[in-house]
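Here the numbering used here runs 12 ahead of the position in the sequence shown, where the first position is 1.
Notes to accompany the following structure.
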Amino acid sequence: MTNNRDKQISEARFHKLFDDTQAMSIQGYRVDGSVVYWNAASERIYGYSTSEALGRSLFDLIIPHEMRDEVKQAVAWMFDNEEGIPPARLNLKHKDGSTVPVYSSHTVVSLPNDEPIMFCMDADMRSLEMAEAEVQRLSYYDSLTGLPNRRLILERITSAMRNTSSDTSAAALLIVDIEKFHSINDSLGYSFGDRVLVSCAESLQQFSSSPDDLARLGKDEFALVLPCSTSSLDAVAAEAELMATQILQKLKAPLILDGRSHQLNACIGITLFHCPGILSGDELLRQADIALKMAKRSNTTDISFFDSQMESSVKKRLEISQALNHAVDNDALALALQPQVDQNHNITGFEALLRWHHPKFKALSPNDFIPIAEANDSIIALGDWVLEKSCQLLVKWGAEKSSESFNISVNVSPVQFRRGDFVQRVKNILKTTGANPKCLCLELTESLIADDIDFIVEQMASLRELGVSISLDDFGTGYASLAYLTRLPLDELKVDRAFVRDLDGHSKGALLTETIISLGRSMNLTVIAEGVETEQQFKRLQNMGCEHFQGYFFGKPSTDVEHYLPSKSL
Numbered sequence: 013m014t015n016n017r018d019k020q021i022s023e024a025r026f027h028k029l030f031d032d033t034q035a036m037s038i039q040g041y042r043v044d045g046s047v048v049y050w051n052a053a054s055e056r057i058y059g060y061s062t063s064e065a066l067g068r069s070l071f072d073l074i075i076p077h078e079m080r081d082e083v084k085q086a087v088a089w090m091f092d093n094e095e096g097i098p099p100a101r102l103n104l105k106h107k108d109g110s111t112v113p114v115y116s117s118h119t120v121v122s123l124p125n126d127e128p129i130m131f132c133m134d135a136d137m138r139s140l141e142m143a144e145a146e147v148q149r150l151s152y153y154d155s156l157t158g159l160p161n162r163r164l165i166l167e168r169i170t171s172a173m174r175n176t177s178s179d180t181s182a183a184a185l186l187i188v189d190i191e192k193f194h195s196i197n198d199s200l201g202y203s204f205g206d207r208v209l210v211s212c213a214e215s216l217q218q219f220s221s222s223p224d225d226l227a228r229l230g231k232d233e234f235a236l237v238l239p240c241s242t243s244s245l246d247a248v249a250a251e252a253e254l255m256a257t258q259i260l261q262k263l264k265a266p267l268i269l270d271g272r273s274h275q276l277n278a279c280i281g282i283t284l285f286h287c288p289g290i291l292s293g294d295e296l297l298r299q300a301d302i303a304l305k306m307a308k309r310s311n312t313t314d315i316s317f318f319d320s321q322m323e324s325s326v327k328k329r330l331e332i333s334q335a336l337n338h339a340v341d342n343d344a345l346a347l348a349l350q351p352q353v354d355q356n357h358n359i360t361g362f363e364a365l366l367r368w369h370h371p372k373f374k375a376l377s378p379n380d381f382i383p384i385a386e387a388n389d390s391i392i393a394l395g396d397w398v399l400e401k402s403c404q405l406l407v408k409w410g411a412e413k414s415s416e417s418f419n420i421s422v423n424v425s426p427v428q429f430r431r432g433d434f435v436q437r438v439k440n441i442l443k444t445t446g447a448n449p450k451c452l453c454l455e456l457t458e459s460l461i462a463d464d465i466d467f468i469v470e471q472m473a474s475l476r477e478l479g480v481s482i483s484l485d486d487f488g489t490g491y492a493s494l495a496y497l498t499r500l501p502l503d504e505l506k507v508d509r510a511f512v513r514d515l516d517g518h519s520k521g522a523l524l525t526e527t528i529i530s531l532g533r534s535m536n537l538t539v540i541a542e543g544v545e546t547e548q549q550f551k552r553l554q555n556m557g558c559e560h561f562q563g564y565f566f567g568k569p570s571t572d573v574e575h576y577l578p579s580k581s582l
């Protein structure tokens, strides 16, 4: 009697657990596919009440017609082998005919003296897909104005450079800067400044020939592409100058907000290019920006063209490129480390950041010289140097009890990673230095995922076999999707600083940050938020469930790391 009562109590507990589970649809099926169990979450996700579902066929209820043969085979296999198949992302069917994306797991329960039952556990992915779509949207569009951002305008320029019906077409790129815009924010407040930017965006849209020709580059700058329409640079220059003049007239017209009139001023930099051409979108933006700076310095005009007199910047780039080829041999590199901490401010590791000091150019920002290094392949030698120095530090720290658990995160350029010998290079450096691979984390960017995903997964798996961990850097700003994320052998997600900066109230940045943290934790990944600069951001991220942090609030990158080590407090 006691055993029966215990069994009844146990069954009641499991029924209560299954019935009350709100986030997970749990269904039970006989071998013929008929429903024997259907919890409340299943009613919500698929639209059928329990009474409607019980006794009906799985294949009629939620399996799309084109999937039925495949699912029937899978169900038969599970009952024959009395085990589930691997979990997978599936697009199933709602009562109303709409598609329901789920992450589905399966198991077969077979008890003595009882018929076997297949249980399906489905997690509703619709809310995550919406968040993913929003992440992707913010990757290409400015959240304030709704215009394309820098990333999308660069793709537009690339398209213009490659796709043209003529071999001798020409086009123009304009950068428009709202002068002294910071004074509007300072005197009237940021919300008023936002309204001014939205008004400027609406005015500029009148001059764009397509939605992707106009972008907000950031703060008070906009970029506008004048598409290929003629083979003559002179003709395009005249058309661009006319457009720039009209834009200035439009922007300088009195702006009426809250019944008050405001006067804006602007400057415009223009560069011309051939379609197709050899210059990159970044280079064209740089040229237009140089022209913009000339216009700002001028006392006679608000419009300036990039011309041969501005080639000094191009020559400087060439000098930098040549010098980078000898940076390692000339002992001109240094390693700066920025601490990574837990919720109690305890240092758990560091991110390694490359610094280069050139006698002529002094201390250049990595944002300036890394793209050049990637373009001329010197990034391979630079990357090996950073990895080797980081591993040497790990060996040094490993000899001390107080620092042996510290890890170092090293950024890996897509150029490095795409080489077929990258895994072997990492293996050789680990072997040469004797570093503990478990203390080494390689940070990859989302831009990698635009390439051959099978190759990426294979490379990442090989690296993890060496013992190193893999982090996806700046998550939420690139190409990663939930489908890709489930395939990548990751250990860590880094929340992009752009989202961390936008954590006020119920902003989209806050929503996306919380979604990314929840997603990472649900996948058993370490989640680290970078760019934390204030205590308010730190506390907000903690409340969202984030447990690892990096940013100026905890320490700036430093080539003298000793003051961060345990013998001294942070």
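The beta-carbon is built from N, C-alpha and C at its ideal position, and this holds for glycine as well.
Query: Take L524 as the anchor and find which of L553, R499, N337 has the nearest alpha-carbon.; Result: L553
Query: Taking the CB atoms as reference points, tell me whether R367 and L345 lie closer together than 8 angstroms.; Result: yes
Query: Taking all protein chains shown into account, decide if E526 is buried (16 or more other Cβ within 10 angstroms of its Cβ) or exposed.; Result: buried
Query: With a threshold of 8 angstroms, are at least 3 pairs of Cβ atoms found where one atom belongs to the region 288-304 and the other to the region 247-266?; Result: no
Query: Since Q355 is in the beta strand (DSSP E), which residue starts that stretch and which ends it?; Result: It is not in any beta strand (DSSP E) - Q355 carries neither H nor E in the DSSP assignment.
Query: Can you tell me whether V573 is buried or exposed, with buried defined as 16 or more other CB within 10 angstroms of its CB?; Result: buried
Query: Keeping to the same chain, check which residues put their C-beta closer than 7 angstroms to that of C558; ignore five residues upstream and five downstream.; Result: I529, V539, A541
Query: Could one say the Cβ of L347 lies closer than 8 angstroms to chain B's Cβ atoms, at least one of them?; Result: This model lacks chain B altogether; it includes just one protein chain.
Query: Excluding the 5 residues flanking F373 on each side, which residues of the same chain have their C-beta closer than 7 angstroms to its C-beta?; Result: I332
Query: Can you check whether the CB of S116 is closer than 8 angstroms to the CB of P98?; Result: no
Query: Could you spell out the range, first to last residue, of the alpha helix (DSSP H) harbouring T257?; Result: 245-264
Query: Measuring alpha carbon to alpha carbon, tell me which residue in F234, S483, L200 is nearest E214.; Result: F234
Query: Is there contact between the region 418-435 and the region 449-460, where contact requires at least three CB pairs shorter than 8 angstroms?; Result: yes
Query: Using only the alpha-carbon positions, how far apart do E159 and F434 sit?; Result: This sequence places Leu at residue 159; Glu is not what is there. If I take the Cα positions, the gap works out to 38 angstroms.
Query: Taking the C-alpha atoms as reference points, what is the distance between A184 and I169?; Result: 10 angstroms
Query: So I441 packs on E400, CB below 8 angstroms; how close in whole Å?; Result: 5 angstroms
Query: What's the gap between the Cα of P128 and the Cα of L70?; Result: 16 angstroms
Query: Using the Cα positions of R207 and F193, report the straight-line distance between them to the nearest angstrom.; Result: 12 angstroms
Query: Going along the chain, which residues of its own chain have a beta-carbon closer than 6 angstroms to the beta-carbon of A252, five neighbours each way excluded?; Result: A184, L238, I282
Query: So, using beta-carbon positions, are A385 and L336 closer together than 8 angstroms?; Result: yes
Query: Can you find the residues in the same chain that come closer than 8 angstroms, C-beta to C-beta, to I391, ignoring five residues on each side of it along the sequence?; Result: I382, A385, S425, V427, Q428
Query: Do you know how far the Cα of P569 is from the Cα of Y576?; Result: 10 angstroms
Query: Hey, could you find the ends of the alpha helix (DSSP H) I528 is sitting in?; Result: 520-534
Query: Which class does T170 belong to by DSSP, given the choice of helix, strand or coil?; Result: helix
Query: Judging by CA-CA distance, which residue of T62, L66, S54 is the nearest neighbour of R42?; Result: L66
Query: Check whether the Cβ atoms of Q91 and V120 lie closer than 8 angstroms to each other.; Result: A small correction: the amino acid at residue 91 is Phe; Gln does not occupy that position in the sequence shown. Going by C-beta atoms, F91 is nearer than 8 angstroms to V120.
Query: Contact defined as beta carbons within less than 8 angstroms: I believe I187 pairs with D301. What is the distance between those atoms, to the nearest angstrom?; Result: 6 angstroms
Query: For I420, which of helix, strand or coil comes out of DSSP?; Result: strand
Query: Please classify I38: does DSSP put it in a helix, a strand, or coil?; Result: strand
Query: Whose C-beta lies closer than 6 angstroms to the C-beta of L229 among residues of the same chain, with five residues either side of it excluded?; Result: R162, A235
Query: Determine the direct distance from the alpha carbon of G521 to that of F566, and round the result to whole angstroms.; Result: 21 angstroms
Query: By alpha-carbon positions, which one of K305, G563, D503, F131 ends up nearest to Q548?; Result: G563
Query: For a test of the three-state rule: what should DSSP assign to T312, helix, strand or coil?; Result: coil
Query: DSSP three-state label for D572, please.; Result: coil
Query: What number of angstroms, rounded off, separates the C-alpha of V507 from the C-alpha of N536?; Result: 15 angstroms
Query: Mark L209 as exposed unless 16 or more other C-beta atoms lie within 10 angstroms of its C-beta, in which case mark it buried.; Result: buried
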